[in-house]
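The sequence shown finishes on residue 261 if you use our numbering, and the numbering steps up by one all the way, no holes.
Positions of the beta carbon are idealized from the N, C-alpha and C atoms, including for glycine.
Contents: one structure, followed by commentary.
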Amino acid sequence: MSTMESRNTLRRYFRNARNALSAQQQKNAAAAILDQIKLFIPASIKRAALYLANDGEPDLTPLIMYCWQYNIATSLPVLHPFTKKHLLMLNYTDQTVMRKNRFGIAEPALECQAIRLTVHHDVIFMPLVGFDKEANRLGMGGGFYDRTLANVCHSPLRPKLIGIAHDCQQTDSLPIQPWDVPLDAIITPTQIIQPNNSLE
Ligand SMILES: Nc1ncnc2c1ncn2[C@@H]1O[C@H](COP(=O)(O)OP(=O)(O)OP(=O)(O)O)[C@@H](O)[C@H]1O
Ligand SMILES: [Mg+2]
Numbered sequence: 062m063s064t065m066e067s068r069n070t071l072r073r074y075f076r077n078a079r080n081a082l083s084a085q086q087q088k089n090a091a092a093a094i095l096d097q098i099k100l101f102i103p104a105s106i107k108r109a110a111l112y113l114a115n116d117g118e119p120d121l122t123p124l125i126m127y128c129w130q131y132n133i134a135t136s137l138p139v140l141h142p143f144t145k146k147h148l149l150m151l152n153y154t155d156q157t158v159m160r161k162n163r164f165g166i167a168e169p170a171l172e173c174q175a176i177r178l179t180v181h182h183d184v185i186f187m188p189l190v191g192f193d194k195e196a197n198r199l200g201m202g203g204g205f206y207d208r209t210l211a212n213v214c215h216s217p218l219r220p221k222l223i224g225i226a227h228d229c230q231q232t233d234s235l236p237i238q239p240w241d242v243p244l245d246a247i248i249t250p251t252q253i254i255q256p257n258n259s260l261e
């Protein structure tokens, strides 16, 4: 099997696993993930990018409420209108007008004043389909986060890059490609996994 085929087989497996979680399991996971994030990310940060859950991904609503309560500004990814397969980060508040993008995912309606540069975030929380014990990330397969973060990845202003997942999305070792952006940690309801430094 080629690397591409094996990545796609793994994607199907993990997506089925997380979609099989019950509403109560999702709710418990969302609360536990916020508790883990609080252990790892100081409440003094100024801006976090996050995502709205889709396709069984962990729900970050408790994190969004926490950020707003502690005056941490939040951003959401929006499909870039011109640069194919890139994301833009847009400021997100309780007043933000939302719309559905071409994948049916809610995103802030594009407004230039709301754009925030990637490097202006202290942390970027991103969804993933699978991860391994070295904190390697397998995404949905579009390369959107990989492309968007390729430039900032080696910058000294690099935001912390944190993958968020359910525990059932873990495998021993993922076939990783040179373009896969390395993460600082993967956070699940029960684990904070860092490269070469598993804290499980
Ligand atoms: N920085 C980049 N520049 C150009 N192409 C890229 C870049 N990063 C990834 N790609 C391309 O995107 C495609 C999908 O990449 P990959 O399988 O790693 O997606 P993914 O990490 O699962 O998705 P995502 O980042 O959207 O969650 C690959 O064909 C890869 O060549
Ligand atoms: Mg990738």
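Let me know if residue i comes out buried or exposed under the rule of 16 or more other beta-carbons within 10 Å of its beta-carbon.
{"i": "P281", "result": "With the chain represented from 62 up to 261, any question about residue 281 goes unanswered, as that position is not in the structure."}
{"i": "T249", "result": "buried"}
{"i": "L244", "result": "buried"}
{"i": "A110", "result": "buried"}
{"i": "S234", "result": "exposed"}
{"i": "P217", "result": "exposed"}
{"i": "V184", "result": "buried"}
Residue i: beta carbon under 8 Å from a heavy atom of ligand 1?
{"i": "A91", "result": "no"}
{"i": "L189", "result": "yes"}
{"i": "Y112", "result": "no"}
{"i": "Y131", "result": "no"}
{"i": "G204", "result": "yes"}
{"i": "D207", "result": "yes"}
{"i": "A211", "result": "yes"}
Rounded to whole angstroms, what is the Cα-Cα separation between residue i and residue j?
{"i": "V139", "j": "L151", "result": "7 Å"}
{"i": "T75", "j": "T251", "result": "In the sequence as displayed, the identity of residue 75 is Phe instead of Thr. Each residue's alpha carbon lies about 17 Å from the other."}
{"i": "Q230", "j": "F192", "result": "6 Å"}
{"i": "R68", "j": "R198", "result": "11 Å"}
{"i": "V158", "j": "S63", "result": "43 Å"}
{"i": "N258", "j": "A81", "result": "Unreliable placement is indicated for N258, whose pLDDT of 49 sits below 50; no coordinate value is reported for it."}
{"i": "L260", "j": "A226", "result": "For L260, the pLDDT reaches just 46, beneath the cut-off of 50, and the residue's location in the model is therefore unreliable, although a value from the coordinates is still provided. The straight-line gap from Cα to Cα measures roughly 16 Å."}
{"i": "S105", "j": "A134", "result": "11 Å"}
{"i": "G202", "j": "I102", "result": "28 Å"}
{"i": "R208", "j": "G200", "result": "12 Å"}
{"i": "I176", "j": "L149", "result": "7 Å"}
{"i": "V242", "j": "E195", "result": "13 Å"}
{"i": "P169", "j": "L124", "result": "18 Å"}
If you reduce the DSSP assignment to three classes, tell me which class residue i lands in.
{"i": "M187", "result": "strand"}
{"i": "N77", "result": "helix"}
{"i": "T232", "result": "coil"}
{"i": "N152", "result": "strand"}
{"i": "S259", "result": "Model confidence at S259 stands at a pLDDT of 44, short of 50, so the residue's coordinates are unreliable; what they give is reported in the following sentence. DSSP places S259 in strand when its eight states are reduced to three."}
{"i": "F192", "result": "strand"}
{"i": "R198", "result": "strand"}
{"i": "S136", "result": "strand"}
{"i": "I102", "result": "coil"}
{"i": "I223", "result": "strand"}
{"i": "I176", "result": "strand"}
For residue i, which of the options has the nearest alpha-carbon?
{"i": "L189", "options": "P169, A246, C173 and K88", "result": "A246"}
{"i": "T122", "options": "I98, K107, V180 and G200", "result": "I98"}
{"i": "L113", "options": "Q174, I166 and Y206", "result": "I166"}
Is the Cβ of residue i closer than 9 Å to any Cβ of chain D?
{"i": "H141", "result": "Absent from the structure: chain D. Only one protein chain is present."}
Flag residue i as yes when its Cβ comes closer than 8 Å to any non-hydrogen atom of ligand 2, and as no otherwise.
{"i": "R198", "result": "yes"}
{"i": "K242", "result": "The sequence given here places Val at residue 242; Lys does not occur at that position. Yes, Cβ of V242 sits closer than 8 Å to a heavy atom of ligand 2."}
{"i": "Q86", "result": "no"}
{"i": "Q230", "result": "no"}
{"i": "Q238", "result": "yes"}
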